[in-house]
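First comes the structure, then the notes that go with it.
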Amino acid sequence: MYRYDSLDHALVAERVAQFRDQTRRYLAGELSDDEFRPLRLRNGLYIQRHAPMLRVAIPYGLLSSAQLRALAHIARRYDKGYAHFTTRQNLQYNWPKLEEVPEILALLAEVEMHAIQTSGNCVRNITLDHFAGVAPDEIVDPRAFAEILRQWSTFHPEFSWLPRKFKIAVNGSVGDRAAVLLHDIGLHFVRDSAGEVGIRVIVGGGMGRTPIVGHVIREFLPWRDMLTYVEAILRVYNRYGRRDNLWKARIKILVKSLGIEEFRREVEAEWAEVKDSPSTLTDEEVARVSAHFAPPPYEDLPAIDAAYVQSLADSRSFSRWAERNVHPHSRPGYASVTLSLKKTGVPPGDATAEQMDFVAGLADRYSFGELRVSHEQNLILADVRKRDLFALWQAAKAQGLATPNVGLLTNIVCCPGGDFCSLANAKSIPIAEAIQHRFDDLDYLHDIGELDLNISGCMNSCGHHHIGHIGILGVDKQGAEFYQVSIGGRQGSQAALGQVIGPAFAAAEMPDVVAKLIDTYLDERHEEELFVDTVKRVGIAPFKSRVYGAGHGRDGEGAVSPVSAVA
Amino acid sequence: MSQIIRNRRVEEDSWQTLGVQAGEEVSQLPAGAVVVPLAVWKARRGELLARGQVGAWLRPEDDPDELADDFGILPLIAVHFPKVGDGRGYSTAVLLRRRGYRGELRAFGDIGRDQIHFLARVGFDSFGLGVGRDPQAALASLNDFTLAYQGGADDPLPLFRKRALAGATPR
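And the structure:
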């Protein structure tokens with residue numbers, strides 16, 4: 015993975031000093047709350063329900079074991095012994111003290127980490143396919159480009175006060191595991207017929223209050239032009255994006271109001287001015303950064319490991335875990351492993367300091383000392399020998415990290431919700447837990463098959479409910495917490511936004527509602543058909559009538575979907 | 422007379438900026454050097470030039486290209502920041518410098534020491550800080566960072582084109 019040189023270190027050290035001074039001036043009364051707010055947000059520091067929340071950047075989701083140990087140490091020393099992995103591959107501490115944040119940042123800097131631009135109206139942490147570099151369907155390893163973008167966006171002087179936050183996702187495989195269609199900018203690395211590396215550039219996607227699938231603004235952008243083209247998009251957005259209404263300030267609204275053709279004309283005209291400027295990437299720079307992502311010292315192994323095959327045959331629970339949590343790898347004899355942070359009874363994405371230390375140990379022992387955070391809030395060991403899988407599974411199981419549910423209903427993606435977040439309309443963690451309890455029968459869960467269930471506690475949609483096969487959104491009705499349900503959303507290259515099935519439900523009804531949706535699916539499904547495909551084929555009507563009962567849920571009844579207007 | 426930061430020093434401001442308050446008409450021109458809104462500059466260009474020292478200032482939404490023919494005769498162009506979070510003026514500065522403006526480029530309004538480093542990087546060389554903000558204390562923040570990943574008005578080369586020159590050593 016990328017290692018800082020002396021210059022990268024110097025820059026982060028200067029940021030720590032700057033924020034230390036800003037915090038000092040705030041505590042001394044030299045900066046007002048209003049003045050300090052945008053400064054602390056640029057450093058991922060929120061004032062939450064119980065205490066400040068600090069969001070630490072995990073650039074494009076890659077971590078070393080040393081970094082994970084440092085994060086565990088901070089959780090113990092400055093927090094309550096745990097932390098939360100987010101859908102943007104970041105990490106959040108829920109209980110740090112404001113005056114101790116500069117110390118935390120200094121500790122992070124020692125292991126080449128920071129909280130730069132993890133909030134605020136600026137370019138946020140770049141997100142990436144969590145199988146980048148090891149996926150069998152990879153076209154281009156995009157990790158070096160993600161790091162180059164991280165550096166370019168860090169303290170970009172012109173784009174630090176944008177109309178709204180700005181999220182860039184990067185993917186380099188046939189399949190899309192980074193949701194490039196649902197970001198402000200999605201960069202999908204591809205090759206042309208001559209094998210040259212380029213980028214399919216997507217703009218104006220996003221979730222939130224107005225979910226929109228992005229538009230392709232350029233089919234094939236040569237890789238050298240990556241930074242100048244992104245610069246042109248951001249300049250057009252910075253100049254013309256709306257600033258009068260928080261809810262209409264994202265780039266997707268600008269693209270929608272201008273239309274993609276006009277927006278493209280503006281961007282191309284601006285790009286003509288900056289194309290071939292010194293920001294044009296060089297072979298040397300890409301080679302320099304790519305060297306940090308050179309393959310680890312893999313062994314030459316047979317594709318099939320006899321001991322692994324034997325273990326699969328011997329242990330039903332091991333094979334069930336392998337079926338869900340072990341993923342193919344581009345090297346023979348290797349696999350990638352998801353360590354699930356979705357054990358029933360534990361808030362999705364939460365990990366204790368002990369678990370973090372333990373996973374760091376597993377990474378050292380089994381995966382060259384590195385790991386990844388997925389946008390589904392799990393941890394991934396990317397480079398495990400197949401022969402080690404059984405031992406790894408046993409070790410992970412003992413720490414509650416081997417729930418065999420990746421891709422299944424209980425692998426719930428969930429924001430911290432009203433238990434922690436001051437933006438939330440409703441709690442989300444107890445809903446996730448109640449649903450996990452209802453579906454605790456593993457055989458049943460496997461029979462239901464692949465199903466993404468996403469929960470957001472408010473319209474900011476940190477739980478990505480729009481792209482859940484089943485999406486649950488917390489809403490406020492006269493001060494009470496209710497839950498709106500949508501079905502038919504999906505991530506990936508066929509990204510789609512879910513449709514709301516009708517009026518919202520009380521919290522206690524939610525496990526039953528999900529159960530009725532599943533029953534409908536089991537009645538309606540064709541063989542081998544996923545839940546989301548059944549929804550696509552039969553529409554939402556049968557699901558509605560089962561959930562709301564006879565006489566309810568006829569077409570045209572119930573809540574109007576904000577999604578259908580734009581989908 | 423208020424104080425400004427200019428060329429990395431605190432100085433008395435010799436310019437009077439007119440028409441900033443909402444509803445403030447620019448009719449009578451005071452004696453001395455004045456900075457007028459873009460619309461006033463366009464409407465009364467000849468009169469203003471005959472009178473003496475004059476500069477123009479831009480709102481966030483103004484198109485900097487409207488001044489492109491006047492770069493040679495405007496010793497000062499100022500860009501207003503009505504709210505700290507309105508970042509359009511940063512792009513305005515980039516465009517003015519790119520089009521070839523070489524005179525004094527001033528940021529003024531709701532800005533303080535925590536903004537001026539980035540403002541300097543996009544091409545501003547003078548700063549009129551918000552009310553009650555100490556320009557002397559702010560001077561130090563021009564040096565909050567000694568290096569940057571991107572190119573800027575101060576140096577068009579991004580760090581990746583000069584890492585070795587900048588003394589990068591592995592850690």
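Chains as they are written, first to last, in our numbering: chain R, 15 to 581; chain D, 422 to 592. For each residue, glycine too, the CB sits at the ideal point set by N, CA and C.
- Query: Using a C-beta cutoff of 7 Å, does R582 of chain D count as contacting chain R?
  - Reply: yes
- Mind checking the region 16–29 of chain R against chain D and listing, in chain order, the residues whose C-beta falls within less than 9 Å of any C-beta there? R17, Y18, D19, S20, L21, D22, H23, A24, L25, E28 and R29
- Message: Counting only C-beta atoms, is F492 of chain D closer than 7 Å to chain R at any point?
- Response: no
- Supposed contact pair I182 of chain R and L201 of chain R - C-beta distance, whole angstroms, cut 8 Å: 7 Å
- Message: At the level of alpha carbons, what is the spacing between A528 of chain D and E432 of chain D?
- Response: 15 Å
- Query: Going by DSSP, which residues form a beta bridge with D364 of chain R?
  - Reply: R:H98
- Message: Let me confirm a value: Y74 of chain R is counted as buried when at least 16 other C-beta atoms fall within 10 Å, else exposed. Which label applies?
- Response: buried
- Query: Under a CB-based cut-off of 7 Å, is P171 of chain R close to chain D?
  - Reply: yes
- Curious, which full-length alpha helix (DSSP H) runs of at least 4 residues does the region 452–506 of chain R contain? 456–462
- Does Q437 of chain D get closer than 7 Å to chain R when you measure Cβ to Cβ? no
- Message: On the CB-based measure, 16 or more other CB atoms within 10 Å of its CB, does V574 of chain R come out buried or exposed?
- Response: Residue placement at V574 of chain R cannot be trusted, given a pLDDT of 36 that sits under 50; the coordinates are not used to answer.
- Pick from R:L487, R:R401, R:L459 and R:E464 that is closest to S442 of chain R, judged by C-alpha positions: R:L487
- Could you give the DSSP three-state label for V515 of chain D: helix, strand or coil? helix
- Message: The alpha helix (DSSP H) that contains P310 of chain R, what's its start and end?
- Response: Neither: P310 of chain R is in no alpha helix (DSSP H) and is coded neither H nor E.
- Task: Compare the C-alpha of G512 of chain R against each of R:A529, R:I532, R:H483 and R:Q498 and name the closest.
- Result: R:H483
- Under three-state DSSP, which class holds Y251 of chain R? helix
- Query: Pick from R:P150, R:D364 and R:S207: whose alpha carbon is nearest that of A86 of chain R?
  - Reply: R:D364
- Query: CA-CA distance, W335 of chain R and N392 of chain R?
  - Reply: 14 Å
- Looking only at DSSP bridge pairs, what is M67 of chain R linked to? R:Y60
- What are the complete alpha helix (DSSP H) segments, minimum 4 residues, inside the region 215–277 of chain R? 240–254 and 265–272
- Which term fits G521 of chain D, buried or exposed, when burial requires 16 or more other beta carbons within 10 angstroms of its beta carbon? exposed
- Please list the residues of the region 550–572 of chain D that have a C-beta atom closer than 7 Å to any C-beta atom in chain R, keeping them in chain order. D565, F566, T567, L568, A569, Y570, Q571 and G572
- Taking the alpha-carbon positions, what's the V489 of chain R to E284 of chain R distance? 41 Å
- Query: Per the contact definition of three or more C-beta pairs closer than 8 Å, is the region 21–31 of chain R in contact with the region 88–96 of chain R?
  - Reply: no
- Is A448 of chain R closer than 7 Å to P362 of chain R when the C-beta atoms are compared? no
- Query: Quick one: is P591 of chain D near chain R, going by C-beta distance under 7 Å?
  - Reply: yes
- Assigned secondary structure, S20 of chain R (DSSP; H/G/I helix, E/B strand, else coil): helix
- Alpha-carbon to alpha-carbon, R102 of chain R and S470 of chain R: 14 Å
- Message: For the region 505–518 of chain D, list every residue whose C-beta sits within 7 Å of some C-beta in chain R, in sequence order.
- Response: V505, G506, D507, G508, R509, Y511, S512 and V515
- Item | Which listed residue (R:L422, R:I226 and R:E298) has its alpha carbon closest to that of K266 of chain R | R:I226
- Which first and last residues belong to the beta strand (DSSP E) in which H501 of chain D is found? L497 to F502
- Query: In terms of alpha-carbon separation, which member of R:A518, R:R238, R:Y18 and R:Q106 lies closest to A71 of chain R?
  - Reply: R:Q106
- Task: State the DSSP-derived secondary structure class of E433 of chain D, mapped to helix, strand or coil.
- Result: strand
- Item | Buried versus exposed, by CB contacts within 10 Å (16 or more), T567 of chain D | exposed
- Exposed or buried, L21 of chain R, counting other C-beta atoms within 10 Å across all chains shown (16 or more means buried)? buried
- Message: Please list, in chain order, the chain R residues whose beta carbon lies closer than 9 Å to that of L586 of chain D.
- Response: Ordered by position in chain R, no residue passes the 9 Å Cβ test against L586 of chain D, which lies about 11 Å from the chain.
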